[in-house]
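Notes follow the structure.
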Amino acid sequence: VQLQASGGGLVEPGGSLRLSCAVSGIVFRNNDMAWYRQAPGNERELVASVSSAGLRRYVDSVKGRFTISRDNTKNTVYLHMNSLKPEDTAVYYCRARLNSKVPGYWGQGTQVTVSS
215 VQLQASGGGL VEPGGSLRLS CAVSGIVFRN NDMAWYRQAP GNERELVASV SSAGLRRYVD
275 SVKGRFTISR DNTKNTVYLH MNSLKPEDTA VYYCRARLNS KVPGYWGQGT QVTVSS
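Add 214 to the 1-based position in the sequence shown for our numbering, that's all there is to it.
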């Protein structure tokens, strides 16, 4: 199983980025997908999720700015991030999970830095 995250980088406050996570080795359409992030000194937090049925959820701090989407034809989940703030700086990880009873699989992380 592989989850390959990409799209991170350095962006100025107010800017945008799109993260991608390409998945292989599992039946992508059957898995719930999520993006987490971890800033230095902080615990990893759930940012956004999209279920296999397409239900989306967001942490309050990113509502209205981030959009999670999935393309089951490309086995890829995306995180569109707009109006980025310095507090969004973190390593972003994608996770695939079949259901809440299993730990799932993690990608390797991609660094997002928001700074002027």
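From the three backbone atoms N, C-alpha and C, an ideal C-beta is built for every residue, glycine too.
Remember, predicted model here, so these are calculated numbers, not experimental data.
Once the 5 residues before and after residue i are set aside, which same chain residues still bring their CB inside 7 Å of it?
i: Val225; result: Leu231, Leu298, Val328
Between which two residues does the beta strand (DSSP E) harbouring residue i extend?
i: Val237; result: 231–238
i: Arg279; result: It is not in any beta strand (DSSP E) - Arg279 carries neither H nor E in the DSSP assignment.
Thinking C-alpha only, which one of the options is nearest residue i?
i: Asn286; options: Val305, Ser266, Gly221, Ser275; result: Ser266
i: Pro300; options: Val316, Arg309, Leu312, Ser275; result: Ser275
i: Leu293; options: Ser238, Cys308, Thr303; result: Cys308
i: Ser263; options: Asn313, Val326, Ser330, Asn256; result: Asn313
i: Met295; options: Arg251, Ile282, Gln322, Leu269; result: Ile282
i: Ser220; options: Gly228, Arg279, Val237; result: Val237
i: Trp249; options: Leu217, Ser330, Lys288; result: Leu217
i: Met247; options: Arg270, Gly239, Gly229, Glu259; result: Arg270
i: Trp229; options: Phe280, Glu259, Tyr272; result: For the record, residue 229 in the displayed sequence is Gly; it is not Trp. Checking every option, the nearest Cα to that of Gly229 belongs to Phe280.
Taking the C-alpha atoms as reference points, what is the distance between residue i and residue j?
i: Thr346; j: Arg243; result: The structure shown does not extend to residue 346, since the chain is modelled only from 215 to 330, so the question has no answer here.
i: Pro227; j: Ser330; result: 7 Å
i: Trp320; j: Ala310; result: 7 Å
i: Lys277; j: Asn256; result: 20 Å
i: Gly268; j: Asp302; result: 24 Å
i: Val215; j: Leu233; result: 19 Å
Spatial neighbours of residue i within its chain, please: CB distance less than 6 Å, with the 5 preceding and 5 following residues excluded, ordered by chain position.
i: Val305; result: Gln252, Gly323, Gln325
i: Cys235; result: Leu217, Ala219, Val291, Cys308, Gly321
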